[in-house]
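Trainee:
Numbering (the numbering used here), first residue to last: 4 to 329.
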């Protein structure tokens, strides 16, 4: 109901809307509207109440609340209806998502937090995520596919974020498999986790961390030279709500595409954004820990990276890739 109230107040375009009119359209009591308005105010919504005039929305807080994000959200599965959970501070959205998925949470459920205190990226690296300046969320997906297809959803997520950046006229580059880069520095990290049986995926959890409005000076010294944010690319702050909504919509489009046509279009879009193929790379295999050098040639039908080395072709399914300066 809170989302519907916000939608109506936004639709009033800065004018007052009577509690009676809102109640009548939502088929609830005026008391119910009043209670929901009070809750929205506690969350930071600046809603002006005035006697016979009713309510007017003056300002929306910079919080990734379901009522704000889902207002105007155009998705069929991802974060649709009641499939979005908001937290202020958590250890890890992926941990919560995995628990909820195990308990039966619906396909497309999203867990978003304003802050993570124990967020991890690939290879167990810590992910810097100050409160209110990042977009930190996890998707619960229940695709009907084989476990070997799970890594492809990592590529899907990277393409979705890149597509959202294009909508904001921000340049997007993907380094295999899923790092979104700017000027050689990382803007977005993605971690995919899987629960499966031999021939069946139970669920996939995709954790996405986006540096949104973090200034260069705010990054810790150890990552200052390798991290960037959307605000730096944009030359000013972006609306976290609007960008998050765009990412969810792009995820939904691609997820729906996969259900209908497989991964062909995902791979085509990934190649368009990639900055890895055709480049000399240093590779550290997650499976063996061994490192080697070569030229990244392509990705195969499973999304694995094919690298040409002096000892022949090698296929990398998981690991760390750094692009060597030419």
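Where a beta carbon is used, it is the ideal one built from N, C-alpha and C, also for glycine.
Quick caveat: nothing in here was measured; it's all calculated off a predicted structure.
What does the Cβ neighbour count give for residue 51, buried or exposed, with the cut at 16 atoms within 10 Å?
Mentor: Flag for residue 51 reads exposed.
Trainee: Using C-beta distances below 8 angstroms, list every residue in its chain close to residue 318, excluding the 5 sequence neighbours before and after it, in chain order.
Mentor: The answer, listed in chain order, is 303, 307, 308, 309, 310.
Trainee: Could you please give the first and the last residue of the uninterrupted beta strand (DSSP E) stretch that includes residue 214?
Mentor: Here the beta strand (DSSP E) through residue 214 covers 203-214.
Trainee: DSSP on residue 125, reduced to helix/strand/coil?
Mentor: Any reading at residue 125 is ruled out, since the residue's pLDDT is 49, under 50, leaving its predicted position unreliable.
Trainee: Compare the C-alpha of residue 136 against each of 212, 295, 203 and name the closest.
Mentor: Out of 212, 295, 203, 212 has the C-alpha closest to the C-alpha of residue 136.
Trainee: Take every Cβ of the region 242-262, pair it with every Cβ of the region 151-163, and state whether three or more of those distances are shorter than 8 angstroms.
Mentor: The region 242-262 vs the region 151-163: in contact.
Trainee: For the alpha helix (DSSP H) that residue 99 lies in, which residues bound it at each end?
Mentor: Residue 99 -> alpha helix (DSSP H) spans 96-105.
Trainee: Nearest-angstrom Cα distance between residue 125 and residue 193?
Mentor: With a pLDDT of 49 at residue 125, under the threshold of 50, the predicted position of this residue should be treated as unreliable, though the coordinate-derived value follows. Going from the Cα of residue 125 to the Cα of residue 193 covers about 7 angstroms.
Trainee: Suppose you measure from the CA of residue 68 to the CA of residue 240; what does that come to, to the nearest Å?
Mentor: Straight-line Cα distance between these residues: approximately 19 angstroms.
Trainee: Identify, in the order they occur along the chain, each residue of the same chain with its Cβ nearer than 7 angstroms to the Cβ of residue 196, setting aside the five sequence neighbours on each side.
Mentor: Answer for residue 196: 97, 101, 208, listed in chain order.
Trainee: Whose CA, out of 115, 155, 154, lies closest to the CA of residue 142?
Mentor: It is 115.
Trainee: Taking C-alpha atoms, which residue in 132, 155, 19 lies nearest to residue 265?
Mentor: Nearest option by C-alpha distance: 155.
Trainee: Of the choices 246, 219, 305, 40, whose alpha-carbon is the least far from that of residue 151?
Mentor: Comparing Cα-Cα distances from residue 151 to each of 246, 219, 305, 40, the minimum goes to 305.
Trainee: How big is the Cα-Cα spacing for residue 26 and residue 112?
Mentor: When rounded, the distance between both Cα atoms is 29 angstroms.
Trainee: What residues are listed by DSSP as bridge partners for residue 178?
Mentor: BP columns for residue 178 point to 182.
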